[in-house]
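Undergrad: In the working numbering, the protein residues as written are -14 to 131.
From the three backbone atoms N, C-alpha and C, an ideal C-beta is built for every residue, glycine too.
All of these numbers come straight from a predicted model, not from anything done at the bench.
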Ligand SMILES: [Zn+2]
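1) Tell me the DSSP secondary structure of residue 23 in three-state form.
2) What did DSSP end up calling residue 37 once you bin it into helix, strand or coil?
3) Does DSSP put residue 43 in a helix, in a strand, or in coil?
4) Taking the alpha-carbon positions, what's the residue -7 to residue 124 distance?
5) Apart from the five residues just before and just after residue -10, which ones in its own chain have a Cβ nearer than 6 angstroms to its Cβ?
6) According to DSSP, is residue 65 part of a helix, a strand, or is it coil?
7) Three or more C-beta pairs closer than 8 angstroms, one from the segment -7 to 3 and one from the segment 26 to 35: is that the case here?
8) Measuring alpha carbon to alpha carbon, tell me which residue in 36, 121, 118, 128 is nearest residue 106.
9) Under 8 angstroms, do residue 38 and residue 97 count as touching if we go by C-beta distance?
10) Am I right that residue 55 and residue 73 are in contact with their C-beta atoms under 8 angstroms? What's the rounded C-beta distance?
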């Protein structure tokens, strides 16, 4: 793997888990420039954002499975149903808590919004011109950024 072009900046970025979304725009410029120049930090940033998004997806899946388990227990009423229900609800609560922690502590929500926006822009660009014209001006501005 390639080396960081400026280890001092690279160390700072590593400390932030390569997340500069919380910085004010004036401070962000220098770091964005570093990302543009530095292959090493760019790939690390991608890895960290992938981990964040994977965690939030895993937490969502886990919460869903616990809810499903709760529903199944409620429906079939096995022996010890009460304790199984408690366990399922506890699992759901823990998953929801993890989801919240990931959403607050990492830029995963912003990353997912960005991915969604890029996807929406791709769909928008493929639409026939007459349908594109019918979209509200406000929505078109959000999608294309112009
Ligand atoms: Zn670097």
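TA: On the basis of the data shown:
1) For the purposes of this step, residue 23 is taken as the residue at position 38 of the chain shown. Residue 23: coil per DSSP, three-state reduction.
2) Here residue 37 is taken as the residue at index 52 of the chain shown, counted from 1. In the structure shown, residue 37 adopts helical secondary structure according to DSSP, grouped into three states.
3) Taking the chain shown and counting its residues from 1, one reaches residue 43 at position 58. Helix.
4) By one-based count along the chain shown, residue -7 stands at place 8. By one-based count along the chain shown, residue 124 stands at place 139. Whole-angstrom Cα-Cα distance: 41 angstroms.
5) If you number the chain shown from 1, residue -10 lands on position 5. Only 22, 23 meet the Cβ criterion.
6) Start at 1 with the first residue of the chain shown, and residue 65 comes out as number 80. Annotated three-state conformation of residue 65 is coil, per DSSP.
7) The segment 26 to 35 and the segment -7 to 3 touch, with three or more beta-carbon pairs separated by less than 8 angstroms.
8) Locating residue 106 in the chain shown gives position 121, counting from the first residue. If we check each option's Cα against that of residue 106, 128 comes out closest.
9) The residue labelled residue 38 in the question sits at position 53 within the chain shown. The residue labelled residue 97 in the question sits at position 112 within the chain shown. Their beta carbons are under 8 angstroms apart, which means residue 38 touches residue 97 by this criterion.
10) Looking up residue 55 in the chain shown gives position 70. Looking up residue 73 in the chain shown gives position 88. Correct: roughly 4 angstroms between the Cβ atoms.
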